[in-house]
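Take a look at the structure set out below.
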Amino acid sequence: MTYRLWWTVGYVCTSEKEFLAAKHRLLPAPYEMLDDALRRARQVGQAGGVAWLIEGDDRTRLNRAAIEKTIEKRGSELAVEPAGRSSERPFDHRA
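In this text, residue positions in the sequence shown follow the working numbering: the first is 46, and each later residue adds one.
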């Protein structure tokens with residue numbers, strides 16, 4: 046299973062409309078587990094960025110509001126990196 050996270054930092058996109066217009070130019074960060082994508086989305090938010098969308102091969106689709114709501118609800122369990130998983134995270138080339 047693959048989950049793709051689209052996120053931006055800075056002033057690349059300041060609204061949902063701008064994100065949708067720029068989505069085709071942005072490279073999503075792929076993750077094997079939804080929790081990994083949510084964990085990264087949480088980190089992006091803490092760094093001042095915006096996690097716009099998570100899409101999964103299983104038809105999962107979380108927009109910005111759903112991502113923020115999920116992180117708010119599950120923040121404490123997403124704050125900790127599972128043992129043995131840190132080296133498995135794909136390298137994010139957009140940083």
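The beta-carbon is built from N, C-alpha and C at its ideal position, and this holds for glycine as well.
- A direct Cα-to-Cα measurement between residue 94 and residue 120 gives close to 17 angstroms.
- Here residue 95 is bridged, per DSSP, to 53.
- In summary, residue 96 is buried, with 16 or more beta-carbon neighbours lying within 10 Å of its beta-carbon over all protein chains present.
- Secondary structure note for residue 65: its alpha helix (DSSP H) is the uninterrupted segment 61-67.
- The beta carbon of residue 82 lies closer than 6 angstroms to those of 48, 50, 76, 99 in the same chain, with the five residues before and after it left out.
- Straight-line measurement puts the Cα of residue 89 at about 17 angstroms from the Cα of residue 118.
- Judged by their CB atoms, residue 125 and residue 92 are not nearer to each other than the 8 angstroms cut-off.
- Residue state for residue 84 is assigned as helix, using DSSP reduced to three classes.
- Residue 80 is positioned such that its CB atom lies closer than 8 angstroms to that of residue 123.
- Annotation: residue 102 to residue 109 spans about 18 angstroms, alpha carbon to alpha carbon.
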